[in-house]
Amino acid sequence: DQQVKQNSPSLSVQEGRISILNCDYTNSMFDYFLWYKKYPAEGPTFLISISSIKDKNEDGRFTVFLNKSAKHLSLHIVPSQPGDSAVYFCAATLNTGNQFYFGTGTSLTVIP
Amino acid sequence: EPEVTQTPSHQVTQMGQEVILRCVPISNHLYFYWYRQILGQKVEFLVSFYNNEISEKSEIFDDQFSVERPDGSNFTLKIRSTKLEDSAMYFCASSEEGTNYEQYFGPGTRLTVT
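Sequence order for the protein chains is A and B.
My numbering applies: residue 25 is where the first sequence begins, and numbers increase by one.
My numbering applies: residue 313 is where the second sequence begins, and numbers increase by one.
Structural data, given as structure tokens:
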């Protein structure tokens, strides 16, 4: 039951350009979405989140967009930096509990 | 900056043996979680724990698994009789009450069952 999907396993972007990571979900009851970044040999690190009542949340270089009708969210990183190279996971949660449903991750490589 | 810690970083065990994975959550956090990630696959929720009891668990978290908060600082995951398919990275996470959406993860324990 792949309720959260990240269809692009990898993405390469030039330094300074925009990185766009995509995530699709199937469960319309999800009410909160998050993005996590993960470096090798480390646990996921919280990056940014968005409530289902919003369509955009911005934090510095990171912006998350939510399109509820399309059940799609995206993470924009601009400008991209080499230190952003990591695996990015999107996750979603229901308002009835605190279980996170993770996507399979997208490996971002920012080329200097 | 406070962080979640996990020990050991790597555990090798034989099939059928019991293992205990240990976690020290962030001190003022009240919600605790275990996740696992089989190599090349997604991060999967196992269990959440609050107020000294399991608040939610997934289908993966069967009778072979148990969690405990034996003292005020540690949070453990026990696998009673390990199977080959239990080989994975196990992540502990914690969150503050009221902001439990923002979970802070530990670095993980790599469990290898041979």
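Ideal Cβ positions, reconstructed from N, Cα and C, are used throughout, including at glycine.
Listed by chain order, chain B residues near residue i by CB distance under 8 Å
{"i": "A:Pro-64", "result": "Here the premise fails: no neighbours, minimum Cβ distance about 11 Å."}
Listed by chain order, chain B residues near residue i by CB distance under 9 Å
{"i": "A:Thr-87", "result": "Residues of chain B passing the Cβ test: none, with the nearest at roughly 18 Å."}
Buried/exposed call for residue i, threshold 16 Cβ in 10 Å
{"i": "B:Arg-348", "result": "buried"}
{"i": "B:Asp-374", "result": "exposed"}
{"i": "A:Leu-90", "result": "buried"}
{"i": "A:Ser-104", "result": "buried"}
{"i": "A:Asp-79", "result": "exposed"}
{"i": "B:Asp-398", "result": "buried"}
{"i": "B:Thr-426", "result": "exposed"}
{"i": "B:Leu-396", "result": "exposed"}
Interface partners of residue i on chain A, CB under 8 Å
{"i": "B:Gln-353", "result": "Thr-128"}
{"i": "B:Phe-387", "result": "Correct list: empty, because the minimum Cβ distance to chain A is about 14 Å."}
{"i": "B:Phe-344", "result": "In chain order: nothing, as chain A lies at least about 10 Å away."}
7 Å Cβ cut-off: residues of chain A touching residue i
{"i": "B:Gly-269", "result": "No answer is possible for residue 269 of chain B: the residues shown for chain B start at 313 and end at 426."}
**Item:** Inter-stretch contact at 8 Å, needing at least 3 Cβ pairs: the segment 396 to 411 of chain B / the segment 313 to 327 of chain B
**Value:** Taking 8 Å as the limit for Cβ pairs, the verdict is that the segment 313 to 327 of chain B does touch the segment 396 to 411 of chain B.
**Request:** Using a Cβ-Cβ cut-off of less than 9 Å, give me the residues of the segment 361 to 380 of chain B that come near chain A, in sequence order.
**Result:** Residues passing the 9 Å Cβ filter: Tyr-362, Ser-367, Glu-368, Lys-369, Ser-370.
**Message:** Can you confirm whether the segment 358 to 375 of chain B touches the segment 320 to 329 of chain B when touching is taken to mean that 3 or more C-beta pairs between the two stretches lie within less than 8 Å?
**Reply:** The segment 320 to 329 of chain B, when compared against the segment 358 to 375 of chain B, does not touch it at the 8 Å Cβ threshold.
**Asked** Whole beta strand (DSSP E) runs in the segment 346 to 426 of chain B with 3 or more residues, listed along the chain?
**Response** Within the segment 346 to 426 of chain B, the complete beta strand (DSSP E) segments of 3 residues or longer fall at 355 to 362, 365 to 369, 377 to 380, 387 to 391, 400 to 407, 421 to 425, listed in chain order.
**Prompt:** For the segment 328 to 335 of chain B against the segment 52 to 69 of chain A, are there 3 or more C-beta pairs whose distance is under 8 Å?
**Reply:** Output reads no: the segment 52 to 69 of chain A does not touch the segment 328 to 335 of chain B.
**Asked** Between the segment 106 to 113 of chain A and the segment 336 to 350 of chain B, are three or more C-beta pairs nearer than 8 Å?
**Response** Here the segment 106 to 113 of chain A does not lie against the segment 336 to 350 of chain B, with fewer than 3 beta-carbon pairs under 8 Å apart.
**Asked** Does the segment 121 to 131 of chain A touch the segment 29 to 38 of chain A, meaning 3 or more C-beta pairs lie closer than 8 Å?
**Response** A contact exists between the segment 29 to 38 of chain A and the segment 121 to 131 of chain A.
**Message:** Below 8 Å, how does it come out for the segment 415 to 422 of chain B and the segment 64 to 78 of chain A: are there three or more Cβ pairs, yes or no?
**Reply:** The segment 415 to 422 of chain B and the segment 64 to 78 of chain A touch, with no fewer than 3 CB-CB distances between them shorter than 8 Å.
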